[in-house]
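Worksheet: the structure to be examined is printed underneath.
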Amino acid sequence: MRLRGRKGIIEALEAQPELVVLEAERYRGRWSELFGNDRPIHVELGMGKGRFISQLSALNPQINYIGVDMYDELVRRASEKAKLSREEHDGDLSNLRLARYNIEAIERMFAKDEIERIYLNFSDPWPKKKHARRRLTHANFVNKYLEILNSRGQIHFKTDSQSLFEFSLNSFADLGLRMRHISLNLHAEGARTDLVMTEYETKFFERGEPIHRLEVVVGEEALAEHLKALKSSDEDKEQE
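The sequence shown begins at 5 in my numbering and counts up by one.
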């Protein structure tokens with residue numbers, strides 16, 4: 005992917021230190037210090053133009069969010085989206101950071117147990133078999149996620165690619181991870197108003213194309229809550 009950025013893009017990013025992080029490795033293990041609180045941290049890997057992470061952070065001020073992308077131009081566009089989103093929701097940007105970073109080295113950006121949730125939205129499917137290791141749900145990447153996710157850790161994954169979804173299902177299963185809320189057509193009964201859409205997702209929905217989604221429950225505490233909820237649901241059904 006090649007992007008043509010505006011002239012002076014680096015200067016524009018450097019002028020937003022309260023929002024944009026250009027040296028992400030400096031904060032490994034210290035992201036809570038950067039936010040100035042110990043709230044949960046949710047991260048979108050490959051944020052694109054930033055609509056999803058901007059809206060999500062505006063709607064949930066009790067959570068800290070970090071959008072990550074390796075391209076200067078996308079970080080710039082995301083910063084514009086973030087400011088527009090805050091104007092719409094009459095809020096500030098204190099719980100959002102946009103980091104320029106290559107996800108391949110994500111373990112050098114975050115320390116062990118530092119993150120509560122990872123979002124993977126419409127990642128590049130890398131359809132050729134020889135490029136499988138580049139897919140963000142390949143075991144090599146997932147094992148890195150497992151290191152940085154804490155006891156409440158989860159991975160939320162969405163894609164329009166059936167082949168990537170099938171690959172991901174197998175990848176998570178091979179690692180023995182618990183999956184839930186698996187959907188082959190997320191918006192089959194109309195747009196899910198409880199979920200924030202990305203730019204791509206909105207276009208696909210308007211075309212009537214199916215969106216695939218799942219959640220992976222990683223952390224021990226998150227898994228215990230999930231199993232407890234399942235048990236409670238089964239007991240309720242038995243009483244009906």
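No residue lacks a Cβ here, since even glycine has one placed at the ideal position from N, Cα and C. Being a predicted model, the structure only gives us computed values, none of them experimental.
Beta-carbon proximity list for residue i, same chain, < 6 Å, skipping 5 on both sides
i    : result
H216 : T163, F169 and L188
P44  : I67 and E120
R139 : W130
For residue i, the three-state DSSP class (helix, strand or coil)
i    : result
Q66  : coil
I213 : Going by the sequence as given, residue 213 is Glu instead of Ile. The answer is coil: DSSP assigns E213 none of H, G, I, E or B.
S155 : strand
R6   : With a pLDDT of 46 at R6, under the threshold of 50, the modelled position of that residue is not reliable, and the figure given next carries that caveat. It is coil, neither helix nor strand.
E225 : helix
D73  : strand
L218 : strand
Cut-off 7 Å between Cβ atoms - residues of its own chain near residue i, not counting five sequence neighbours on either side
i    : result
E225 : S155 and R156
L150 : V222
R6   : Note that R6 scores a pLDDT of 46, beneath 50, so its modelled location is shaky; the value from the coordinates is reported in the next line. Correct list: empty, nothing qualifies.
V24  : L17, V79, S83 and L102
F208 : D164 and I215
Supposed close pair residue i, residue j - CB separation, criterion 8 Å
i    : j   : result
R104 : V79 : 5 Å
G95  : A62 : 5 Å
N106 : Y69 : The Cβ separation is near 19 Å, so there is no contact.
8 Å CB neighbourhood of residue i in its chain, flanking five on each side removed
i    : result
T141 : L124, S127, F161, L168, F171, S172, S175 and F176
H185 : R217, L218 and E219
L137 : According to the sequence as given, residue 137 is Arg; it is not Leu. Only N144 meet the Cβ criterion.
>> Ignoring anything shorter than 4 residues, give me the alpha helix (DSSP H) runs that lie fully in the stretch 75 to 145, in order along the chain.
In response: If we require 4 residues or more, the alpha helix (DSSP H) runs fully inside the stretch 75 to 145 come out as 76 to 93.
>> Please give the ranges of any alpha helix (DSSP H) in the stretch 10 to 58, keeping only runs that are unbroken, at least 4 residues long and fully inside the region.
In response: Runs found: 13 to 18 and 35 to 39.
>> Would the stretch 47 to 63 count as touching the stretch 187 to 204 if we require 3 or more Cβ pairs under 8 Å?
In response: yes
> At which residue ranges does the stretch 153 to 204 contain complete alpha helix (DSSP H) runs of 4 or more residues, listed in the order of the chain?
Replying inline: Correct list: 166 to 178.
> Are the stretch 17 to 36 and the stretch 104 to 123 in contact at 8 Å, needing three or more beta carbon pairs?
Replying inline: Counting C-beta pairs with one atom in each stretch, the stretch 17 to 36 and the stretch 104 to 123 have three or more that are closer than 8 Å, which means they touch.
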